[in-house]
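Student: Below is one structure. I have some questions about it.
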Amino acid sequence: MLFIPIGLGALTILFFFLGRGQGRKAYDIAVTETSDAAELESLSREVAAELGASSFASAAEVKGVVESPSPLQSEYARLACVWYRSSITREYETTEWERDSDGHRRSVTKRHTETVSSVERSMPFLVRDQSGTVEVDPEGAKLEGEKVMDRFEGSLPPEFGGPGPGGFGTLGYRIREEALTIGRRVYVLGEARDEGGRLLIQKPSGKGGRFLITTKSEEELLRSAKRGQGALMAVAALCGASALIVLALMILKVI
0 MLFIPIGLGA LTILFFFLGR GQGRKAYDIA VTETSDAAEL ESLSREVAAE
50 LGASSFASAA EVKGVVESPS PLQSEYARLA CVWYRSSITR EYETTEWERD
100 SDGHRRSVTK RHTETVSSVE RSMPFLVRDQ SGTVEVDPEG AKLEGEKVMD
150 RFEGSLPPEF GGPGPGGFGT LGYRIREEAL TIGRRVYVLG EARDEGGRLL
200 IQKPSGKGGR FLITTKSEEE LLRSAKRGQG ALMAVAALCG ASALIVLALM
250 ILKVI
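Pasting the structure below:
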């Protein structure tokens, strides 16, 4: 029975650290002030004049619309974008034999999914605000775009790599695509750095730095992180209290 309080204790630790992670996310977003493109460029030039090129590095938060002179085209929706993630999953059923508690065999139908295709591509892009543009290198970022396709097809059409049904038991194919499209408003939290005279927002060089690119607003992100923190901490407290109660009952030899 000792495995019960041990398991609950492990869950307490897990949910506590997940909740703390959400709290740190909310803190990082809240304490980083929004900069405009012109302000970052001016700061970079001033630091370069004082300390030399490639000396400027600072946490940065920018908001604006996505631009690119030569954008990507998303895999399935064929939209102009700077990042996309596409996937096709096959949904199918199998019939398996199991024994019930009385030892009798019975057939059971189970549903499964398997990934047929998964593609993700990104490229550097510009964020334009009221003052100008700043370049963003998305390498290493947590990217959250908008859902541009979510379809279920009984068979895989040629334009998605068909042809036809995909084998015995196939129910169909789920085709999903998420993208960061041209003209879409975006929020970026990362590190602005002077790379030999070229100002970029990219993955922070320091350990634990946050790099986030999303179509959600700052307000949405803060609300979500705070709700997540509260819920996870409440679950952690519940698991911890349950572990102590079970342990106390075991000591008293009630269970």
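Each residue of the sequence shown is one higher than the one before, counting from 0 in numbering that gives the first Met the number 0.
Cβ coordinates follow ideal geometry from the N, Cα and C atoms, glycine included.
If you count every other CB in all the chains shown that lies within 10 Å of the CB of arginine 222, and 16 or more means buried, which is it?
Tutor: exposed
Student: Of the residues Ile12, Tyr91, Leu50 and Thr11, which one's Cα is nearest the Cα of glycine 171?
Tutor: Tyr91
Student: Which full runs of the alpha helix (DSSP H) of 4+ residues lie inside the segment 63-91, going along the chain?
Tutor: none
Student: Going by CA-CA distance only, name the one from Phe210, Pro156 and Leu220 that's closest to isoleucine 256.
Tutor: One cannot answer for residue 256 here, as it falls past the ends of the chain, which runs 0 to 254.
Student: In whole angstroms, give me the CA-to-CA distance for proline 70 and alanine 79.
Tutor: Straight-line Cα distance between these residues: approximately 6 Å.
Student: Who are the near neighbours of arginine 192 in its chain, counting only those whose CB is closer than 7 Å to its CB and skipping five residues on each side?
Tutor: Phe55, Ala56, Leu199 and Gln201
Student: Just mark glycine 18 as buried or exposed, buried being the case when its beta carbon has 16 or more other beta carbons within 10 Å.
Tutor: buried
Student: Roughly how many angstroms lie between the CA atoms of valine 46 and leucine 13, to the nearest whole one?
Tutor: 43 Å
Student: According to DSSP, is lysine 215 helix, strand or coil?
Tutor: coil
Student: Just the C-alpha distance for glycine 163 and glycine 8, rounded to the nearest angstrom, thanks.
Tutor: With a pLDDT of 49 at glycine 163, under the threshold of 50, the modelled position of this residue cannot be trusted; read the value that follows with caution. So the alpha carbons of these two residues sit roughly 50 Å apart.
Student: Is it buried or exposed, glycine 87, if we count other Cβ atoms within 10 angstroms and call 16 or more buried?
Tutor: In the sequence as presented, glycine is not what sits at residue 87; that position holds isoleucine. The residue in question, isoleucine 87, is buried, as its Cβ has 16 or more Cβ neighbours within 10 Å.
Student: Hey, would you say tyrosine 186 sits closer than 8 Å to threonine 213, going by beta carbons?
Tutor: yes
Student: Report yes if the CB atom of glutamate 152 is closer than 8 Å to the CB atom of serine 53, and no otherwise.
Tutor: In this structure, serine 53 does not lie closer than 8 Å to glutamate 152 by Cβ.
Student: Start and end of the alpha helix (DSSP H) containing glutamate 45?
Tutor: Run containing glutamate 45: 36-50, per the alpha helix (DSSP H) assignment.
Student: Mapping the DSSP letters down to three states, classify methionine 148 as helix, strand or coil.
Tutor: strand
Student: For isoleucine 250 and glycine 205, what's the separation of their Cα atoms in angstroms?
Tutor: 47 Å
Student: For a test of the three-state rule: what should DSSP assign to glutamine 129, helix, strand or coil?
Tutor: coil
Student: By a C-beta neighbour count over all protein chains shown, 10 Å radius and 16 as the cutoff for buried, is valine 133 buried or exposed?
Tutor: buried
Student: Sorted by chain position, which residues of the same chain lie with C-beta nearer than 8 Å to arginine 104's C-beta, five sequence neighbours on each side aside?
Tutor: The beta carbon of arginine 104 lies closer than 8 Å to those of Trp96, Glu97 and Arg98 in the same chain, with the five residues before and after it left out.
Student: Return the chain-ordered list of same chain residues with a C-beta closer than 7 Å to the C-beta of serine 34, the five sequence neighbours on each side being excluded.
Tutor: Ala59, Glu60 and Val61
Student: Quickly, what does DSSP pair histidine 103 with across the bridge? List them, please.
Tutor: None; histidine 103 has no bridge partner.
Student: Given that a residue counts as buried once 16 or more other Cβ atoms are within 10 Å of its Cβ, and exposed if not, what is methionine 93?
Tutor: Before going further, note that residue 93 is threonine rather than methionine in the sequence given. It is exposed - the Cβ of threonine 93 has fewer than 16 other Cβ atoms within 10 Å.
Student: Relative to the C-alpha of aspartate 136, which candidate in Leu125, Gly144 and Gln129 has its C-alpha closest?
Tutor: Leu125
Student: Could you spell out the range, first to last residue, of the beta strand (DSSP E) harbouring isoleucine 200?
Tutor: 197-201
Student: Keeping to the same chain, check which residues put their C-beta closer than 6 Å to that of threonine 112; ignore five residues upstream and five downstream.
Tutor: Here the set comprises Thr88 and Glu90.
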